[in-house]
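Visitor:
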Amino acid sequence: MRHHLIATFSLALALGVTGCTMGPGVSTDPVSGAGSLKTASLDLSLDWMRQTQALMSDITDATLSVTVPGKPAYLRTFAGADLKTTVHLDGLPTGDATIRMEAAQGSESLGSGMAYAPLLAGRRSSVRMRLVLDSRGDTNLLPFTPLGPIDLASALASQLIGFVDDGSVSGGRYDVSAGNSGTQTVSGDQGQVLFANLYSGQVQLRYGYDYPGSGPAYAAPKVVAYAVSEPATVSATQTAIPTASLDIGWDFSTLQPQPNTTLTARTFELSWPAKPGVEDPKYVIELYNSWNYQATPVQTLETSARRVSLTLDDRIQAGTRYLVLKYKRGSGTYGGGNAHGRSQAIPLVVPAPVSP
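First residue of the sequence shown? That's -16 in my numbering, and the numbers climb one at a time after it.
1. According to the Cβ coordinates, are A215 and T226 closer than 8 Å?
2. Check whether the stretch 291 to 303 touches the stretch 174 to 183, taking contact to mean three or more Cβ pairs, one atom from each stretch, closer than 8 Å.
3. According to DSSP, is G89 part of a helix, a strand, or is it coil?
4. If we count the other Cβ atoms within 10 Å of its Cβ and call it buried at 16 or more, is A23 buried or exposed?
5. According to DSSP, what are the bridge partners of P101?
6. Taking V186 as the reference, which of T237, T50 and Q142 has the closest Cα?
7. When you compare each of P199, G302, P242 and A104 to K21 by their alpha carbons, which one comes out closest?
8. Starting from I329 and walking both ways along the beta strand (DSSP E), at which residues does that stretch end?
9. Over the uninterrupted beta strand (DSSP E) stretch that includes R325, give me the two end residues.
10. Report the rounded CA-to-CA distance for L284 versus V333, giving the unit in angstroms.
11. Would you please state the rounded distance, in angstroms, between the beta carbons of L238 and L331? I believe it to be under 8 Å.
12. Candidates H71, A56 and V337: which alpha carbon is nearest R83's?
13. In three-state terms, what does DSSP make of D263?
14. Measure from the alpha carbon of S183 to the alpha carbon of each residue in S153, G150, V217 and R156, then state which is nearest.
15. Within 10 angstroms of the Cβ of N321, are there 16 or more other Cβ atoms? Answer buried if so, exposed if not.
16. Whose CA, out of G89, G319 and L229, lies closest to the CA of S170?
17. Run through the DSSP bridge pairs and tell me what L295 is partnered with.
18. Whole angstroms are fine: how far does the CA of L58 sit from the CA of I268?
19. Report the rounded CA-to-CA distance for L188 versus V147, giving the unit in angstroms.
20. Which same chain residues end up closer than 7 Å to S338 when comparing Cβ atoms and leaving out the 5 residues on each side of it in sequence?
21. Pop quiz: T310 and A328 are said to be a contact at Cβ under 8 Å. What is the actual Cβ separation, rounded to whole angstroms?
22. Among F235, A219, S254 and R107, whose alpha-carbon lies nearest the alpha-carbon of K205?
23. Please report how far the alpha carbon of G313 lies from the alpha carbon of P264, in whole angstroms.
24. What ranges does the alpha helix (DSSP H) occupy inside the stretch 40 to 69, keeping only unbroken runs of at least 4 residues that lie completely in it?
25. According to DSSP, which residues form a beta bridge with I268?
26. Taking only the alpha-carbon atoms, compute the straight-line gap between L253 and V307 and give it to the nearest angstrom.
27. My output table needs one value for D193: the three-state DSSP class, helix, strand or coil.
28. I need the straight-line Cα distance from Q326 to W233, nearest angstrom please.
29. Helix, strand or coil for E213, going by three-state DSSP, please let me know.
30. Return the bridge partner residues of L181 from the DSSP annotation.
31. Once you ignore the five residues that flank D158 on each side, which residues in its own chain have a CB closer than 6 Å to its CB?
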């Protein structure tokens, strides 16, 4: 009988499981088809690694299980030759799932691993599973040592799932932060990103910077310059991972007047589209003589309408000036613990004030 090297599998989804190396953020895409809005899907990218004599070819069969408390388990078996670099799973239960793989060679267990992942209804998650073959340097088949239980509360503690949507933009990628975390780059096509090791309390997703001069003057008319989400509560004892959504899209193709328009009068009609992803949005119009870090608004107007007749203050000088549209949730405050943000600076060519 040929001797084989025992390999213990340490599986880690890129979800910050205790004792595992943090990998890239989780991403999701909408799932279509009958029943897809009630179940979840998962693409597992298997990262096969090996050391010394431990080979993937030693595996003759494997079993993958996905379980969510209180729901029927999902089971799937593979022949060793059928294990690919990507496994597509559909019809999964939704919730905080335990994913476990058992690998064997005939009747002998070669190893197993376990990880946790949030599965969301109607969405396909894409995550990476790293299988590390940890050689013990012995050519004899050694008894399998179980990994032992993993505390669910510890695995899910202080994390937040963020959804980012940039509307009709295709292929956009954005740097988003949450609470005390650094920024992570996420796709705007309703992409998903996981933030870990957050401080307990109210946490908001954040994109861009809120000070004059930040962001170009209307370089990307379908995306805001700054946005903050509604808050989510994060704690070290949570038993489920909370979510927060951030819509950074704002298509100004119907804005009137359009950027760089030369105004013929200092009183004009200003209209803009509603800010998506914000409940009952209210707006603040700000007008600037310059657009730099020291800029301050010369004229402001708060309104719940999306069409106003605007007369420029005499302090607004002739030449290229800048208009900014801010938004907030109707019952909230700009800069407060609620959804808010602002557009990019919109350049307009303004005529000189009329002498009395």
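Yeah, the Cβ is synthetic: ideal placement off N, Cα and C, and Gly gets one too.
Guide: The short version:
1. The residue you call residue 215 lines up with position 232 of the sequence shown. The residue you call residue 226 lines up with position 243 of the sequence shown. Cβ atoms of A215 and T226: closer than 8 Å.
2. With contact defined as three or more Cβ pairs closer than 8 Å, the stretch 291 to 303 and the stretch 174 to 183 are not in contact.
3. In the sequence shown, counting from the first residue as 1, residue 89 sits at position 106. Coil, per DSSP.
4. Working through the sequence shown from its first residue, we reach residue 23 at position 40. The C-beta of A23 has 16 or more other C-beta atoms within 10 Å across all chains shown, which makes the residue buried.
5. Against the sequence shown, residue 101 aligns to sequence position 118. Answer is D79, bridged to P101.
6. For this step, residue 186 is matched to residue 203 along the sequence shown. Comparing Cα-Cα distances from V186 to each of T237, T50 and Q142, the minimum goes to Q142.
7. Here the question's residue 21 lines up with position 38 in the sequence shown. Taking only the C-alpha atoms, the option nearest K21 is A104.
8. Counting from one through the sequence shown, the residue named residue 329 turns up at place 346. Run containing I329: I329 to V333, per the beta strand (DSSP E) assignment.
9. For the purposes of this step, residue 325 is taken as residue 342 along the sequence shown, with counting starting at 1. Its beta strand (DSSP E) spans residues H323 to R325.
10. As a working mapping, residue 284 is identified with position 301 in the sequence shown. As a working mapping, residue 333 is identified with position 350 in the sequence shown. Their Cα atoms are separated by approximately 18 Å.
11. Position 255 of the sequence shown holds residue 238. Position 348 of the sequence shown holds residue 331. Wrong, their Cβ atoms sit about 11 Å apart, outside the cutoff.
12. As a working mapping, residue 83 is identified with position 100 in the sequence shown. It is A56 whose Cα lies nearest to the Cα of R83.
13. Sequence index remark: in the sequence shown, residue 263 carries index 280 (1-based). Correct three-state label for D263: coil.
14. As a position in the sequence shown, residue 183 is number 200, starting the count at 1. When each option's Cα is compared against that of S183, the closest is V217.
15. Counting from one through the sequence shown, the residue named residue 321 turns up at place 338. The residue in question, N321, is buried, as its Cβ has 16 or more Cβ neighbours within 10 Å.
16. On the sequence shown, position 187 is the one that residue 170 refers to. The shortest Cα separation from S170 among G89, G319 and L229 belongs to L229.
17. Locating residue 295 in the sequence shown gives position 312, where the first residue counts as 1. For L295, which the question treats as bridged, DSSP gives no partner whatsoever.
18. Residue numbering aside, residue 268 sits at position 285 when the sequence shown is read from its first letter. Residue numbering aside, residue 58 sits at position 75 when the sequence shown is read from its first letter. Rounded to whole angstroms, I268 to L58 spans 56 Å at the Cα level.
19. Against the sequence shown, residue 188 aligns to sequence position 205. Against the sequence shown, residue 147 aligns to sequence position 164. About 9 Å.
20. Sequence index remark: in the sequence shown, residue 338 carries index 355 (1-based). Result list for S338: empty, nothing under 7 Å.
21. Within the sequence shown, the letter at position 327 stands for residue 310. Within the sequence shown, the letter at position 345 stands for residue 328. According to the sequence provided, residue 310 is Tyr. The question's Thr does not apply to it. With 8 Å as the limit, Y310 and A328 do not qualify as a contact, their Cβ atoms being about 15 Å apart.
22. In the sequence shown, counting from the first residue as 1, residue 205 sits at position 222. Among F235, A219, S254 and R107, the Cα nearest to that of K205 belongs to F235.
23. Counting from 1 along the sequence shown, the entry for residue 313 is found at position 330. Counting from 1 along the sequence shown, the entry for residue 264 is found at position 281. The alpha-carbon atoms of G313 and P264 are separated by roughly 5 Å.
24. Segments of the alpha helix (DSSP H) lying fully in the stretch 40 to 69: there are none.
25. Position 285 of the sequence shown holds residue 268. Looking at the DSSP assignment, I268 forms a beta bridge with L284 and L308.
26. If you number the sequence shown from 1, residue 253 lands on position 270. If you number the sequence shown from 1, residue 307 lands on position 324. Put simply, the backbone Cα of L253 is about 12 Å away from that of V307.
27. One-based indexing of the sequence shown puts residue 193 at position 210. D193: coil per DSSP, three-state reduction.
28. As a first step, residue 326 is located in the sequence shown; it is residue number 343 there, counting from the start. As a first step, residue 233 is located in the sequence shown; it is residue number 250 there, counting from the start. Before going on, a small fix: residue 326 reads as Ser here, not Gln. Roughly 8 Å between the two C-alpha positions.
29. Position 230 of the sequence shown, counting from 1, holds the residue named residue 213. Per DSSP, reduced to three states, the secondary structure at E213 is coil, with no helix or strand assignment.
30. As a working note, residue 181 is residue 198 in the sequence shown. Note: L181 sits in no beta bridge, so no partner.
31. Mapped onto the sequence shown, residue 158 falls at position 175. Same-chain partners within the cutoff: T166 and T168.
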